[in-house]
Amino acid sequence: MPSTVDTIPFQAETKELLHLVIHSLYTHKEIFLRELISNASDALDKLRVEGLTRSELLEGAGELGIHLATDPEAKLLFVIDNGIGMSRDEVIENVGTIARSGTKRFLDALKEAKKGPQAPELIGQFGVGFYSAFMVAEEVTLETRKAGEEKGTRWISQGQGEYTVEEIDKPTNGTTITLRLKDPEGEDGQDFTQEWVLREIVKRYSDFIEYPIAMEVGSGDDKKVEVLNSRKPLWSRPKAEIEASEYNEFYKHVSRDWNDPLETIHLRVEGTAEYTALLYLPKKRPMDFFDPQQAKSKIQLYVKRVFIMGDCDELLPGWMRFVRGVVDSSDLPLNISRETLQHNRQMGQIKKRLTKKVIDVLGDLLAKRREDYLEFWKSFGPVLKEGIYFEDEHRDSVAKLALFASSKGEDLRGLAEYVEEMPVKQKEIYVLVAPDLETARRSPLLEAFAARNYEVLLLTDPVDDFVLQRLTEFQGKTIRQIEKGDVELDDADDKAERDEKEKELEPVLEAVRKELADKVEEVRFSKRLTTSPACLVSSDGELSSQMRRFLRDTGQSEPAKKRILELNAKHPLVAKMQTMSKDDFGRFAKVCELLWGQALLQEGSQPEDTQRFATLLTELLLEG
Ligand code: ADP
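Take this note's numbering: the last position of the sequence shown gets the number 644, and nothing is skipped along the way.
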């Protein structure tokens, strides 16, 4: 029965992406080969792992490897592997759609940057892999047969609006990709059917691939099949012999990022547990980084140079999911499975050591390459904060990596720098949690601290509240949220003066308390105000204004606990209110309510009844 050819339109976003890839990437078109070889290498890994439990899949398979072949006359390039292959459904799923979250956002960003120098960088963050073939090919044919299945599938596309799929007979499992090449462009356009061109590209980008990348070379009687790559796993080579470019290419292979890494960590450990780790820190956040499905470790595990699994969760804590790379152990059993890994003592040791190493390297970056670190922090700050929360053992060292806005100037500040520059008199680390930076900077709560030249760190990220639940001290110093509880800043002399003032004004405190009894929990004099008449604070262990807002925004009910209103005994208004409370009580009542509303406004919240707030204000203005 003749098989039918189905023509299927690309998913809209795939189509758009293809268009952009073809039209916005001009340089280094040769990397399409790296991408196809990486895919082939993955498919071979998968077959080998699958073959451990289903040995029939490997029977008669011959050596696992990758083959390049050309037909210069017809301008064809073939990339062939005998890996796991794909079923028809997988073909449609994997190369007909882009089932990744964030695709739309990515496309918008890419369109913005189109033609600009950022375009390739953005694509790098997304990783378009297979589609990069369309940079050099006017037509791509993919023929594949999944290991263990009878029939194969042929997929053809010109990278325009659609592709075709049909069933085919394919004698072997694995995938053959045929590129019908475009004419080389410009003077330095490369001809990808030339032996030396392919040889160089493989050497440059894929030398470390574990599987042989073979090609028929020479002509006439001299024809022979040659393996183009050295196949030496990069991590097993002596560090001194490895060039930066080799490290970078390997990073691109394991991460699918097209940019160079921020930092490379190559570590060989001997002793009770013997292993080599080659880890990388990326410069930028991958597009789908916050996709919950991607929220797992991306480290590859090898045992004695044999690939065991791709995303091994047990090698680094979850919050370090930005780290890419491989760990090759010399003494784990080859048949180790995900289940047995969890209880393996060696794995525990490796994880401990690597976690510490990554933290140290980040600390070094912060100390020595601040500009680079700032970029890194912009991309990965939220996960590092996750680390502060979860990392009981290294909390101080992870906290040291965090950067916060500061009441002193525009630059981000770390906790260690903060402590180092604390005035001698200052005993605690002060932080203010606020919904946004602008509100934080305007907060009256900062006044007393500014007057004493004490720095306050301004925490405006929604996760900061959670971080502070665990991060209660740093280098032995208490971290004090200045919007909570009691803060004592005055020394003895100041305190005596203040006590006297407060005594004098005790009656007004009582009057305000009565007036606002159903609105606030307590009214008291403040130790943190210098220029504002009043502010709102929470009691210790109470939800912050940020947390309350979060609950409101996510439609959850707020606990009904009321706040504490603090009055500034040194402010003339407060003294005036004392007189007013006796002479003109109607007016006093209005002022109380306005003061409360104003304190809410100052912390970025709203007066409870904005209409009433406005009316009261107008009335008071009219009274003059
Ligand atoms: P990525 O490799 O980053 O996932 P690609 O677009 O390069 O993205 O590939 C998409 C998917 O297609 C791969 O994840 C893989 O499942 C499948 N694929 C691509 N090439 C091959 C191949 N040679 N053999 C088997 N599957 C492949």
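All C-beta atoms in this analysis are idealised placements derived from N, C-alpha and C, irrespective of residue type, glycine included.
Just so you know, these numbers come straight off a predicted model, no measurement behind them.
Classification of residue i by the beta-carbon crowding that lies within 10 angstroms, buried from 16 upward
i: N729; result: Residue coverage of the chain in this structure runs from 21 to 644, which leaves residue 729 outside it and unanswerable.
i: D91; result: exposed
i: V611; result: buried
i: F310; result: exposed
i: W216; result: exposed
i: N102; result: buried
i: E440; result: exposed
i: V25; result: exposed
i: T480; result: buried
i: E83; result: exposed
i: R54; result: buried
Local conformation of residue i per DSSP, three classes
i: I104; result: coil
i: W216; result: helix
i: P302; result: coil
i: E639; result: helix
i: F494; result: strand
i: L84; result: coil
i: S349; result: strand
i: W278; result: coil
i: D241; result: helix
i: M235; result: strand
i: S265; result: helix
i: K539; result: coil
i: I51; result: helix
i: Q446; result: coil
i: E246; result: strand
i: Q362; result: coil
i: R74; result: coil
i: T599; result: helix
i: C332; result: coil
i: M307; result: coil
Cβ-based neighbour list, residue i, same chain, cut-off 7 Å, excluding 5 preceding and 5 following
i: A157; result: L199, R200, L201, K202
i: L382; result: L421
i: L585; result: L536, V540, V543, A554, L556, W616, A619
i: V326; result: L354
i: L97; result: T90, L199, L201, F212, T213
i: T551; result: E467
i: P464; result: L549, S552, C555, Q622
Cβ-Cβ separation, residue j to residue i (assumed contact under 8 Å), whole Å
i: F424; j: R433; result: 6 Å
i: L509; j: F396; result: Going by Cβ atoms, the distance from L509 to F396 rounds to 35 Å, so no, they are not a contact pair.
i: Y231; j: I86; result: 6 Å
i: S13; j: T296; result: Coverage of the chain is limited to positions 21 through 644, which leaves residue 13 absent and any answer about it impossible.
i: I229; j: V247; result: Their Cβ separation, rounded to whole angstroms, is 10 Å, which puts I229 and V247 out of contact at 8 Å.
i: T117; j: Q178; result: T117 to Q178, Cβ: 18 Å. No contact.
Cross-strand partners of residue i (DSSP beta bridge)
i: A89; result: F98
i: H286; result: L298
i: T574; result: None; T574 has no bridge partner.
i: G165; result: Note that residue 165 is Arg in the sequence shown here, rather than Gly. Answer is G194.
i: K318; result: R344
i: A468; result: Partner(s): none; A468 has no beta bridge.
i: C555; result: E586
i: L477; result: S426, V451
i: E159; result: R200
i: V323; result: V326, S349
i: I42; result: Per DSSP, none; premise fails for I42.
i: E182; result: P29
i: F545; result: L587
i: R174; result: E163, E186
i: R500; result: Y450
i: P434; result: The sequence given here places Gly at residue 434; Pro does not occur at that position. For G434, which the question treats as bridged, DSSP gives the partners L423.
Nonlocal neighbours in the same chain, by C-beta distance under 6 Å from residue i, ignoring five residues either side
i: S58; result: H273
i: G330; result: Q320
i: F400; result: F342
i: L466; result: S427, V476
i: I104; result: A63, K66, L67, A167
i: R108; result: T173
i: L593; result: P553
heavy atom of the ligand NAP below 7 Å from residue i C-beta
i: I104; result: Annotation note on the ligand NAP: not contained in the displayed structure, which lists the ligand ADP as its ligands.
Contact set for residue i: own chain, Cβ-Cβ below 8 Å, skip 5 residues either direction
i: K445; result: R472, D511
i: M106; result: N114, T164, K166, T173, T195
i: S577; result: L571
i: K243; result: E236, V237
i: L488; result: V451, V453, L479, I499, Q501
i: L614; result: F633, L636, L637, L640
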